[in-house]
Amino acid sequence: MSENWLVDLVPAERPGRVAYLFPHAGAGVSAVLALGRALLPDLHPVAVRLPGRESLLDEEPISDLPALAEQLAGAVRAHAGGAQIVLYGHSSGSVLAYETARALEPESPLLLAASAQQAPGTSVRTAAGCWDRPDEEFFAQVVADGYLPAELLAAPDVLEMVAPALRADYRATHEHLTGGVRWTPVAAPILTIRGTEDRTVAEEDVAAWSGLTTGGHTTALIAAGHNLLRDRPAELADALRNALP
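Just so we're aligned: 60 in numbering that gives the first Met the number 0 is position 61 of the sequence shown, and the numbers increase by one with no gaps anywhere.
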C-alpha cells in the first residue's frame with residue numbers, strides 16, 4: 000500500500016509544513032535521515048521509501064515512474080492532511096518528485112526542490128541498458144555516479160541486497176526521461192541545488208529546470224560533489240529553508 004511508502008522521521012507534532020524527501024536510486028529512509036533532522040523545526044520531515052528497499056525489501060520494485068507518481072500523490076495528499084507540502088528529490092529522486100508535483104495538480108506544493116539532477120527534457124547521460132549489465136559493470140557505474148561508496152564493491156552480500164531496487168530505479172528513470180514525455184511546467188516554484196564539484200551534472204542542465212515551472216526558479220550552490228545528501232545535509236537544509244516563501 001502506498002501509504003506505507005511514507006515514513007515520518009520524527010514523532011513530534013506536525014507543523015503547518017511537511018517536507019517529503021525522495022532519495023536517489025535504490026536508497027531509502029537512511030539516505031534522507033540526516034537532512035530530515037536538519038530541517039527541524041521549520042518542516043516536518045517525511046521519507047519516501049519505495050518497494051524493494053529496507054523494510055519493504057521483499058516487495059517488487061516498481062519501474063513505471065508515472066504510475067508510481069500517481070500513487071505517491073494520493074498518499075502525500077492524504078498524509079499531509081491540509082498542511083503545506085514541500086517536495087525534495089536528490090538525483091533521480093528529483094524526477095519522481097517532479098512527477099509527483101505534476102500528479103498533485105491542481106493542488107500545488109509550496110516548493111519543489113531538486114538536487115544533483117539534470118532537468119527532464121535535457122540530454123540523458125546515463126548509458127542505456129546499464130541496468131542490465133553484469134554486476135561488476137553495473138555497480139562500477141553506480142559508484143561512478145556517486146550513489147554507492149567504492150568500498151561496497153568488496154561487499155557482495157550488500158550489493159546483492161540492494162541490486163533489484165537500484166536496477167529498477169535506473170531503468171525507470173532512464174526510460175521515462177527518454178520516452179518522449181511532454182514536459183509540462185508545474186505551478187510550484189522550483190529550487191535546484193548543485194554541488195560545485197559535481198562532474199555528473201552540467202550547470203546548463205540544472206538551469207534548464209527553469210523551463211519546468213511557472214512559479215519561478217532559483218538555484219543554490221554548495222561546495223561539494225554529487226552526493227549532497229550524504230556529505231552536506233545541513234547545507235541542503237539551509238538551501239531549502241531559505242527558498243521557502
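We put the beta carbon where it would ideally sit given N, CA and C, even for glycine.
Excluding five sequence positions before and after A100, the CB atoms of its chain that fall closer than 7 Å to its own CB belong to L86, P108, L111, V185 and A187, given in chain order.
Looking from the CA of Q83, the closest CA among V45, A118, D57 and L8 belongs to V45. Excluding sequence positions up to five before and after D63, its CB lies within less than 8 Å of the CB of A171, all in the same chain and listed in chain order. In this structure, the CA atom of E174 is about 12 Å from the CA atom of V94. For E202, the number of other beta carbons within 10 angstroms of its own is below 16, and it is reported as exposed. Per DSSP, the beta bridge partners of T217 are L190. Exposed is the label assigned to R198, since fewer than 16 other Cβ atoms lie within 10 Å of its Cβ.
Note that the C-beta distance between A113 and I221 is not below 9 Å. In the DSSP assignment, V205 falls within the alpha helix (DSSP H) that extends over E202 to A206.
Non-local C-beta neighbours of L38 in its own chain, meaning closer than 6 Å and more than five positions away in sequence, comprise A18, P44 and A236, ordered along the chain. Judged by DSSP in its simplified three-state form, P65 adopts helix.
A straight line joining the alpha-carbon of T218 with that of G194 spans about 11 Å. Inclusion of L190 and A238 in the CB contact set at 9 Å is warranted, their separation being smaller than that value. Listed in chain order, the non-local C-beta contacts of E58 below 8 Å within the same chain comprise P50 and G51, local neighbours out to five positions each way being set aside. Taking the C-beta atoms as reference points, V205 is found nearer than 9 Å to Q116. In this structure, D41 places its C-beta atom within 9 Å of the C-beta atom of P14. Segment contact: the region 27-36 against the region 61-79, fewer than three CB-CB distances shorter than 8 Å; contact not assigned. The beta carbons of L165 and G88 sit no closer together than 9 Å.
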